[in-house]
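The listed protein sequences correspond, in order, to chains E and S.
Per the numbering used here: the first sequence = residues 9 to 123.
Per the numbering used here: the second sequence = residues 52 to 163.
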Amino acid sequence: AQKVTQAQTEISVVEKEDVTLDCVYETRDTTYYLFWYKQPPSGELVFLIRRNSFDEQNEISGRYSWNFQKSTSSFNFTITASQVVDSAVYFCALYSGGGADGLTFGKGTHLIIQP
Amino acid sequence: EAQVTQNPRYLITVTGKKLTVTCSQNMNHEYMSWYRQDPGLGLRQIYYSMNVEVTDKGDVPEGYKVSRKEKRNFPLILESPSPNQTSLYFCASSLTGTYGYTFGSGTRLTVV
């Protein structure tokens, strides 16, 4: 069985602060893929990043960065110098097993950036 | 433009009245899935399909049906909707799963 845990239900910070969203996963597979999706207030799901289990390099994309640590089964997401437009629900998701049975999602973290 | 198209975006219906939410993708993807999103529960998979005529249950299949008669279409059918099926529904497709899924814009269903 696989599982994704996002322990932070809601985070509220003031604009320009840095914020880290935590994601811990469980899987018995040695090959798996981790994802982050953003859901803005408009409701659509926007793909942010994909990481496979063999690549532990951290990733940076502008103000976004991701820290993947297999030793702790974590795939955390940091937003530097947060902006109001970053306000959204963020989902971490896991794909493993090689089949068509889709993604396992965490319950999401609602991020509120206050001006 | 590569996309997953769901219709309708919003739907209010009454208990017991059969309805279908359509989903179509133009990316020639093999894999398609339906999810429902509920507050505090995240997204949970309802059904998935790995190819035409091949479908299987996800985590919360009760009260739903699907069909995959063509590769591009994967409709979600509620034969007798109940209020506990009030939710936000997403259709998604993927070439292989490992590259992630492309999601439709969502269908907000209210059953009264």
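In this text, a Cβ means the ideal position worked out from N, Cα and C, and glycines have one as well.
Quick caveat: nothing in here was measured; it's all calculated off a predicted structure.
Closest residue to residue i among the options (Cα-Cα distance)
| i | options | result |
| --- | --- | --- |
| Gly-151 (chain S) | E:Thr-17, E:Ser-20, E:Phe-55 and E:Glu-18 | E:Phe-55 |
| Gln-136 (chain S) | S:Lys-116, S:Ser-75, S:Thr-56 and S:Arg-123 | S:Lys-116 |
| Val-163 (chain S) | S:Gly-157, S:Cys-142 and S:Ser-131 | S:Ser-131 |
| Thr-153 (chain S) | S:Thr-66, S:Cys-142 and S:Lys-122 | S:Cys-142 |
| Phe-125 (chain S) | S:Asn-102, S:Thr-64 and S:Glu-52 | S:Asn-102 |
| Glu-81 (chain S) | S:Ser-145, S:Ile-63 and S:Glu-113 | S:Ser-145 |
| Thr-106 (chain S) | S:Met-83, S:Arg-60 and S:Val-72 | S:Met-83 |
| Thr-28 (chain E) | E:Asp-37, E:Arg-36, E:Thr-39 and E:Trp-44 | E:Trp-44 |
| Ile-120 (chain E) | E:Gln-91, E:Cys-100, E:Gly-105 and E:Gly-114 | E:Gln-91 |
| Ala-15 (chain E) | E:Asp-109, E:Ser-82, E:Gln-122 and E:Ser-104 | E:Ser-82 |
| Tyr-98 (chain E) | E:Ile-57, E:Lys-11 and E:Glu-23 | E:Ile-57 |
| Gln-122 (chain E) | E:Val-21, E:Ile-68 and E:Thr-17 | E:Val-21 |
| Thr-147 (chain S) | E:Cys-31, E:Tyr-41 and E:Asp-26 | E:Tyr-41 |
| Leu-160 (chain S) | S:Glu-104, S:Asp-89 and S:Lys-108 | S:Asp-89 |
| Tyr-33 (chain E) | E:Asn-84, E:Lys-24, E:Ser-73 and E:Thr-17 | E:Asn-84 |
| Thr-38 (chain E) | E:Phe-113, E:Thr-86 and E:Ser-79 | E:Ser-79 |
| Asp-63 (chain E) | E:Ser-95, E:Glu-52, E:Gln-77 and E:Ser-69 | E:Gln-77 |
| Ile-208 (chain E) | E:Thr-86, E:Ser-95 and E:Ala-96 | Because chain E spans 9 through 123 in this model, residue 208 (chain E) falls outside it and cannot be assessed. |
| Thr-56 (chain S) | E:Glu-23, E:Glu-52 and E:Ala-96 | E:Glu-52 |
| Arg-123 (chain S) | S:Pro-59, S:Ser-156, S:Asn-77 and S:Lys-69 | S:Asn-77 |
| Thr-73 (chain S) | S:Lys-120, S:Asn-79 and S:Pro-59 | S:Pro-59 |
| Gln-10 (chain E) | E:Asn-60, E:His-118, E:Gly-116 and E:Tyr-103 | E:Tyr-103 |
| Ile-128 (chain S) | S:Glu-52, S:Gln-54, S:Gly-67 and S:Ala-53 | S:Gly-67 |
Chain-ordered chain S contacts of residue i [CB-CB under 8 angstroms]
| i | result |
| --- | --- |
| Lys-115 (chain E) | Gly-91, Leu-92 and Gly-93 |
| Asp-37 (chain E) | Per Cβ cutoff of 8 angstroms: no residues; Asp-37 (chain E) is ~12 angstroms from chain S at best. |
| Phe-43 (chain E) | Gly-151 |
| Phe-99 (chain E) | Gly-93 and Leu-94 |
Proximal chain S residues relative to residue i, where beta-carbon distance stays under 9 angstroms
| i | result |
| --- | --- |
| Phe-55 (chain E) | Gly-151, Tyr-152, Thr-153 and Phe-154 |
| Tyr-33 (chain E) | The contacting residues do not exist; Tyr-33 (chain E) stays about 13 angstroms from chain S at best. |
Rounded Cβ spacing between residue i and residue j (contact assumed at less than 8 angstroms)
| i | j | result |
| --- | --- | --- |
| Gly-110 (chain E) | Tyr-99 (chain S) | 5 angstroms |
Interface residues of chain E facing residue i [CB-CB closer than 7 angstroms]
| i | result |
| --- | --- |
| Ser-84 (chain S) | Gly-110 |
| Gly-157 (chain S) | Gly-51 and Glu-52 |
Proximity test, residue i beta-carbon vs the ligand FAD heavy atom, cut-off 7 angstroms
| i | result |
| --- | --- |
| Trp-85 (chain S) | In terms of ligand content, the structure shown is empty, and the ligand FAD therefore cannot be addressed. |
Per-residue contacts from residue i into chain E (C-beta, under 8 angstroms)
| i | result |
| --- | --- |
| Gly-109 (chain S) | Asp-109 and Gly-110 |
- Query: What residues in the stretch 115-140 of chain S bring their beta carbon closer than 9 angstroms to a beta carbon of chain E?
  - Reply: Cβ contacts with chain E: Leu-139.
- Cβ-based contacts, 8 angstroms cut-off: residues of the stretch 54-81 of chain E near chain S: Per Cβ criterion, the list reads Phe-55, Arg-58 and Asn-60.
- Query: Which runs of the beta strand (DSSP E), 3 residues or longer, sit entirely within the stretch 13-101 of chain E?
  - Reply: 18-22, 27-29, 32-34, 40-47, 54-60, 67-69, 72-77 and 82-87
- Identify every run of the alpha helix (DSSP H) within the stretch 103-137 of chain S, keeping only runs that are complete inside it and at least 4 residues long; order them along the chain. Note on the stretch 103-137 of chain S: there is no whole alpha helix (DSSP H) run with a minimum of 4 residues.
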